[in-house]
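Take a look at the structure below.
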Amino acid sequence: MIVAQAVPELRNAFPGWKLPTHLKAQATIGAVGAPTMVAEQTTPGVVITRTGAGVYSVAFPPCLHAAAFRANVVPANATVVADHRLVTWSLAADALAKAGLAGFRTIDSVPAFVEPVSGSAIDIDFWVDFG
Numbered sequence: 000m001i002v003a004q005a006v007p008e009l010r011n012a013f014p015g016w017k018l019p020t021h022l023k024a025q026a027t028i029g030a031v032g033a034p035t036m037v038a039e040q041t042t043p044g045v046v047i048t049r050t051g052a053g054v055y056s057v058a059f060p061p062c063l064h065a066a067a068f069r070a071n072v073v074p075a076n077a078t079v080v081a082d083h084r085l086v087t088w089s090l091a092a093d094a095l096a097k098a099g100l101a102g103f104r105t106i107d108s109v110p111a112f113v114e115p116v117s118g119s120a121i122d123i124d125f126w127v128d129f130g
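Each residue of the sequence shown is one higher than the one before, counting from 0 in numbering that gives the first Met the number 0.
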């Protein structure tokens, strides 16, 4: 049995079904927390924008479901404790995924929303079902 033929046969059995797709984005943080997308590390159509102090949104092509969000803030200086940030996701419903939207916040140990330090980078990846 050739395993590689199983996927095309499954896709033929369910017309319109698509495989889950991995999306990723990377942005460097400049002055006032403004992200600049790193094109070679970003899936086309995925954009990170700042919507408030330590609050960001992610826009991506509309889909049926988005899951397994992972994000990391790479500090500007790994030896400076104050440069480290955690990320918390605010995507709670598939309605946002269907609109192609998600959000996240960068927090410190308090936890309070805190801008990443200029020179930091945001690295995210997640899976979507375009169905």
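Just so you know, even glycine gets a beta-carbon here, dropped at the ideal spot from N, CA and C.
Name the one or two DSSP bridge partners that residue i has.
i, result
"Ala120", "Thr27, Val73"
"Arg84", "Answer is none; Arg84 lacks a bridge partner."
"Gly51", "Val54"
The beta strand (DSSP E) spanning residue i covers which residue range?
i, result
"Ser56", "54-58"
"Gly102", "100-106"
Report the rounded CA-to-CA distance for residue i versus residue j, giving the unit in angstroms.
i, j, result
"Ala24", "Thr35", "11 Å"
"Ala30", "Ile47", "15 Å"
"Ala98", "Val80", "37 Å"
"Pro115", "Ser56", "14 Å"
"Ser117", "Ala33", "9 Å"
"His64", "Gly130", "8 Å"
"Ile121", "Thr42", "14 Å"
"Thr50", "Ala58", "12 Å"
Among residues of its own chain, excluding the 5 on either side of residue i, which ones have a beta-carbon nearer than 7 Å to its beta-carbon?
i, result
"Leu95", "Ala101"
"Pro61", "Lys97, Ala98, Gly99"
Might you give, ordered along the chain, the residues of its own chain that have their beta carbon closer than 8 Å to the beta carbon of residue i, omitting 5 neighbours on each side?
i, result
"Ser119", "Thr27, Ile28, Val72, Val73, Pro74, Ala75, Asp82, Arg84"
"Ile106", "Gly53, Arg84, Leu85, Val86, Thr87, Phe112, Val113"
Short of 6 Å in beta carbon distance, which residues of its chain neighbour residue i, apart from the five on each side in sequence? Order them along the chain.
i, result
"Gln144", "With the chain represented from 0 up to 130, any question about residue 144 goes unanswered, as that position is not in the structure."
"Pro19", "Trp126, Asp128"
"Phe68", "Trp88, Phe125"
"Phe103", "Tyr55, Ala70, Val86, Trp88"
"Ala66", "Trp126"
Is residue i helix, strand or coil when you go by DSSP?
i, result
"Ala67", "strand"
"Val45", "coil"
"Ala33", "coil"
"Leu95", "helix"
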